[in-house]
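Have a look at the structure below before the remarks.
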Amino acid sequence: MTPVRLLIAEASEHSAQRFDSILRDAGIATRVQLVELPTAGEALPAADLMLCNAALPQLEHLLPQLRIQAPDVPIILVDHRETAMKAAQGLRLGAADVVSGEDAEQLVLVF
């Protein structure tokens, strides 16, 4: 099985590693690259999928640009906040979906 080339834009390396661990525990092989959101466009065209923290600064400005740069690469927003972003809001920005950072099963199913 070829590993999924996964970009992760996350505020902390620990959170990014947690996502990788969740996916690997579910039997999904990944090859992870951590990226800063402002420079994600450079690596995005070579990725299969991107996970992005929904609370990162400039998300509303940068996500539409990323969609233009790599329209075929799904971007899943992960929201850790108590008042999480609504899925419709994330979809309007160009995300494939919005999942709760606390719901590992939802992340695996959406992935």
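So for the sequence shown, this note's numbering puts the first residue at 959; every next one is plus one. Quick reminder that beta carbons are idealized off the backbone N, C-alpha and C, glycines included.
Classify residue i: buried if its beta carbon has 16 or more other beta carbons within 10 angstroms, exposed otherwise.
i       : result
Ile966  : buried
Glu1063 : exposed
Leu1067 : exposed
Ile1033 : buried
Glu968  : buried
State the DSSP-derived secondary structure class of residue i, mapped to helix, strand or coil.
i       : result
Ser979  : helix
Arg1050 : helix
Ala1028 : coil
Going by C-alpha to C-alpha distance, which of the options sits closest to residue i?
i       : options                          : result
Val1036 : Leu1017, Ile1026, Asp1030        : Leu1017
His972  : Arg982, Leu992, Ala1013, Ala1028 : Leu992
Leu1084 : Gly999, Leu1051, Leu995, Pro961  : Only positions 959 to 1069 of the chain appear in the structure, and residue 1084 is not among them; the question remains open.
Asp978  : Val990, Val1057, Pro1015         : Val990
Leu964  : Ser970, Ala1005, Gln975          : Ala1005
His1038 : Asp983, Val1056, Leu1024         : Val1056
Met1008 : Glu1060, Asp1030, Arg1050        : Asp1030
Ala1012 : Leu1051, Met959, Ala984          : Leu1051
If we require 3 or more residues per run, which beta strand (DSSP E) segments fall completely within the region 970 to 1026? Complete beta strand (DSSP E) runs here, min 3: 988 to 992, 1007 to 1011.
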